[in-house]
Amino acid sequence: MIEPGTAARYKSLRDPDIRAVERFGERAARLGALAGLGLPVPRGIVLPTDLVAEIAVAGAAAVVGHDIGALVHALADGALLAVRSSAPRRDWGGPPAILNIGLTDATLPAVAALVGERAALDLYRRLLQSYATGVAGLDPEDVEAILLDRVKLAGAAGEEALDAGALAALVQDYKTFLQDEAALAFPADPAEQLFAALDAAARGWAGPSARLLRTARGAPEDAGLALIVQRMALGLGPGMSGAGIAHFVEERSGAPGLSGRYLAQAQGQDALMGLRTPQVLTRAERAGASGPALEDAAPVAVAALVAAGAVIARGMGDIYTLEFTLQDGMLHILDATPARRSPRAAVRIAVELAEAGAITRAQALLRIEPRSLAEHLHPQIDPGHRRDPIGRGLAASPGAASGRIVFSAQAAMQCAAQEISAILVRVETSPEDIRGMHSATGLLTVRGGMTSHAAVIARGLGLPCIVGAGDIRLDLKAGTLKAADGRIFREGDEITVDGSRGEVLAGTARTVPPELSGAFAKLMGWADATRRLQVRANADTPADARVSRGFNAAGIGLCRTEQMFFDADRINVMREMILADTREARQRALDKLLPMQRSDFEELFEIMRGLPVTIRLLDPPLHEFLPVNREEMRDLADLMDIPVSQVIQRAESLQEFNPMLGMRGVRLAVTMPEIYAMQARAIFEAVLAVNARGGAPVTPEIMIPLVSAHREVELVKGHIDAVAAEVSAEHGVPLPYRLGVMVETPRAALRAGDLARTAQFLSFGTNDLTQMTYGLSRDDAGRFMRDYVNQGVFPEDPFHALDLEGVGELLLIAAQRGREANGDLVLGLCGEHGGDPASVRFCELAGFDYVSCSPFRMPIAQLAAAQAALLARGEG
Ligand code: PEP
Ligand code: MG
């Protein structure tokens, strides 16, 4: 079955069509690009995937025999050939290369004349070795055993020390072995060797084990394989001959500079196999390595490598690692793979390529995985550090911190006072722990999910945090932490929290500091100039606000006012207010809270001058504020001047079965309007105080939480308007404000049209909305989330990555209904998803105006927004 047309179907490596990765594979496409840049790639042809599939069925001799003969002749011109695989994606694998095809007893003298007798025999035995494993399918260990026997027989120190005679004998050994074990006569015709190599590669790829292997790596079952038939660059022989690998950037930092390994008289990946100690490439690398650098012996070849690196960066828009061979001093490039790079290096490389004009700024922005920016924002464990894991949980807040184990907020504060780093370890955290969290350098909880109290607060503080570390046992009475492997740690022992990976480590880890200047700052500048979507901050404290300004926040999108009441000097006043049983008593407590709130707001408005600040009115699930132990009850009784028994009784009367669905958010205002009235007054008085100092005037945004009915909004608006009128009359100044509603119940989403008639903006609280859409407790989901994700029930934790199908649909419905009712409606999202790249993309596509997230996640959201804008504009 000779097909006269096959010659037209395979292509030279220099043909521009070769860049079609799906047909010719990644390696061929890359070599084609290198050849196109004029770089020294050995000549070759590529058999596309469809042709290789035919070879797998009918055999190379039948499919291409007639055509390839002439081509091979022209290609080889008496030289040797290699068959290399080229899968559409390199990581799908492929059969190993077969090198030195064309060596036969008859051609040996010609090759020996070129490279010397010993080198020629060495090439010959290498061909036989790979023929035995790759073509005849014999056991590599048996093949190796023959080599070792021969080494022993020759009394040589290793295969490298075999002389020409021993190598000739080894060639014979392999031929006999092939005959005995596989009933194969080693082909004396180069074309036959080539066909056998092609058949083996094509059939191997079509076979069941290769199929299984590649599908495990994400390849489709029927993925094709292209094959490259290429002239050998020998690496063995006279002069500077050998093989090596060249890197053009430093993997961790992305700093440019040539480095690598080179092994004289070697082929393929020998330089990495540890047969002999390889040489470094440059003198600069030699520190610590022994022997001369390649640069000393072959300065011209090294200069050619440096030049090739520069040409490739400019011509292909990325930095590659090169596999190369020197044949008698001449450089040949055999392969190029994208340089390995740490997340920080990736940013530096992309920015430097864009600045050099090798890629556009848009390409640089699109190249960086937004989440990887977390590596710049927080200290990270030095990749060279030996990790000793003792437990795992959810990676709730990135970065790494080491410190002494403490089991209480109190102990964390004591450590901070003595400037000792502490890791606060709790079963879960409650608002009482806030000050301890501020004092700790890292946080670890046994329970909790991605939006649990610990996780949300830690992200806000930029504190490395792991939650839901269920394989760790705490015995608080004994003051011990039992690791997954049974090791016991006590208070005071050092541990490390790696919040980027969700891994708890024993001991102190070496870290690398954050890196916010240089390439990172440039990339963020480009992202800001590219995106449409605004990125605001979820900021409750002046410190948060300052951090967010540093990250170029477009304002505060969510100030959770309840967070302002957890300080020791405030919480009891707050409790007094909550436990008050008469309106008068409550008003007395509120009067005490008013100046505190006013000064909080003044500070935030001042820091955020010129930018919108969205104050969310109180949304405390009451249980978070109730006193929990006797001591707290007694303190409160003193403050309120009532017996402890009464405090206990009132606290009990406020207990709820489902606090997250109970007296929260706007429900508090409907039953006790004076609370929001106090907050509104504090906001307006703070506005007046700040505006009186001149500068850009503040227009506050006031947001109502946990709304489910339009009437709730009307009621609250009525109260706020009344306060605004009152304060305005007192000072003779108008007090405009913008009213917003949080859409965080499914009903609010469905009735967004009503809400938008009264509100100027809607902000999606996707934490609660996810909780209520799934009926899934945000505080308890951590316990089973891993099982749910592992078993494919959820593709990802929906508190982490927005559920586009369910919650997303509610958002779209709400956006549409809201906009229909109010053409000027502003739409934002302020749940934790505001810092999740896929959710940010969704918000861009849905045409929202802003997302709001923890300050330390803002760069991630900003880059994700820029990428989404580029994709939406078709520039991706
Ligand atoms: C939300 O529910 O998404 C939200 C932002 O509010 P909180 O997390 O404070 O409930
Ligand atoms: Mg909420």
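Numbering (the numbering used here), first residue to last: 61 to 936. Ideal Cβ placement from N, Cα and C applies to all residues, glycine included.
Whole-number beta carbon distance between residue j and residue i, since they are thought to touch under 8 Å
| i | j | result |
| --- | --- | --- |
| Arg431 | Ala410 | Their Cβ separation, rounded to whole angstroms, is 15 Å, which puts Arg431 and Ala410 out of contact at 8 Å. |
| Leu285 | Val112 | 5 Å |
| Val773 | Thr818 | 5 Å |
| Thr109 | Arg83 | 6 Å |
| Met634 | Leu653 | 7 Å |
| Ala353 | Leu341 | 6 Å |
| Leu97 | Gly375 | 4 Å |
| Ile762 | Leu677 | 7 Å |
7 Å Cβ cutoff met for residue i and residue j
| i | j | result |
| --- | --- | --- |
| Leu885 | Ala816 | yes |
| Pro7 | Ala460 | A question about residue 7 goes unanswered here, because the residues of the chain that appear run from 61 up to 936. |
| Leu386 | Ala925 | no |
| Gly508 | Ala482 | no |
| Phe549 | Ile667 | no |
| Arg321 | Ala455 | no |
| Phe611 | Pro919 | yes |
| Gly891 | Gly825 | yes |
| Asp679 | Pro765 | yes |
| Leu943 | Val801 | Only positions 61 to 936 of the chain appear in the structure, and residue 943 is not among them; the question remains open. |
| Phe821 | Ile743 | no |
| Ala14 | Val595 | Lying before the first or after the last residue shown, residue 14 is absent from the chain, which here runs from 61 to 936. |
| His445 | Arg570 | yes |
| Thr489 | Ala514 | yes |
| Ile638 | Phe685 | yes |
| Ile288 | Ala88 | yes |
| Gly962 | Met300 | Residue numbering for the chain in the displayed model covers 61 to 936; residue 962 lies beyond these limits and cannot be assessed. |
| Pro524 | Gly559 | yes |
| Pro155 | Gly328 | no |
| Ser859 | Met497 | According to the sequence displayed, residue 859 carries Phe and not Ser. No, they are not a contact pair. |
| Glu551 | His436 | no |
Check: residue i C-beta below 6 Å from any heavy atom of ligand 2
| i | result |
| --- | --- |
| Asp442 | no |
Near ligand 1: residue i beta-carbon under 6 Å from a heavy atom
| i | result |
| --- | --- |
| Cys903 | no |
| Gly891 | yes |
| Arg519 | no |
| Arg620 | yes |
Chain E contact for residue i (CB, 7 Å cutoff)
| i | result |
| --- | --- |
| Thr674 | Looking for chain E here will not work: only one protein chain is present. |
Distance cut-off 6 Å: residue i Cβ against heavy atoms of ligand 3
| i | result |
| --- | --- |
| Ser462 | The model depicted lacks ligand 3 and carries ligand 1 and ligand 2 instead. |
Starting from the N-terminal side, write out each stretch of the beta strand (DSSP E) that is 3 residues or longer and does not extend beyond the segment 724-809.
-> Scanning the segment 724-809 for uninterrupted beta strand (DSSP E) segments of 3 residues or longer gives 761-764 and 798-803, listed from N- to C-terminal end.
At 4 residues or longer, and completely inside the segment 386-432: list those alpha helix (DSSP H) runs for me, N to C.
-> Assignment of alpha helix (DSSP H) within the segment 386-432, counting only whole runs of 4 or more residues, yields 403-415 and 421-427 in chain order.
Let me know the beta strand (DSSP E) ranges lying completely inside the segment 542-580, each 3 residues or longer, listed in chain order.
-> Secondary structure remark: continuous beta strand (DSSP E) runs of at least 3 residues inside the segment 542-580, in chain order: 548-550, 554-558 and 563-566.
What are the uninterrupted segments assigned as alpha helix (DSSP H) that are 4 or more residues long and contained completely in the segment 639-719, given in chain order?
-> Entirely contained in the segment 639-719, the alpha helix (DSSP H) runs reaching 4 residues are, in chain order, 643-667, 690-700 and 704-714.
Any heavy atom of ligand 2 within less than 5 Å of residue CB: hits in chain order | Counting every residue whose Cβ lies closer than 5 Å to a heavy atom of ligand 2, we get Glu804, Gly825 and Asp828.
What are the uninterrupted segments assigned as alpha helix (DSSP H) that are 4 or more residues long and contained completely in the segment 590-636, given in chain order?
-> List check, alpha helix (DSSP H) in window: 602-610.
Which parts of the segment 828-891 are runs of the alpha helix (DSSP H), unbroken and 4 residues or longer, counting only runs that do not cross its ends?
-> Entirely contained in the segment 828-891, the alpha helix (DSSP H) runs reaching 4 residues are, in chain order, 842-850 and 867-881.
Output the residue ranges of the alpha helix (DSSP H) runs that lie fully inside the segment 84-150 and measure 4 residues or longer, sorted by chain position.
-> Runs of the alpha helix (DSSP H) inside the segment 84-150: 109-118 and 120-136.
Write down every uninterrupted run of the beta strand (DSSP E) in the segment 183-219 whose length is 3 residues or greater and which is fully enclosed by it, in chain order.
-> Restricted to the segment 183-219, not a single beta strand (DSSP E) segment is unbroken, complete and at least 3 residues in length.
Quick one: which unbroken alpha helix (DSSP H) runs of 4-plus residues sit fully inside the segment 429-487? Chain order, please.
-> Taking only runs of at least 4 residues, the alpha helix (DSSP H) segments lying wholly in the segment 429-487 are 434-437 and 469-477.
Complete runs of the alpha helix (DSSP H) confined to the segment 336-374 [at least 4 residues] = The qualifying runs are 354-357.
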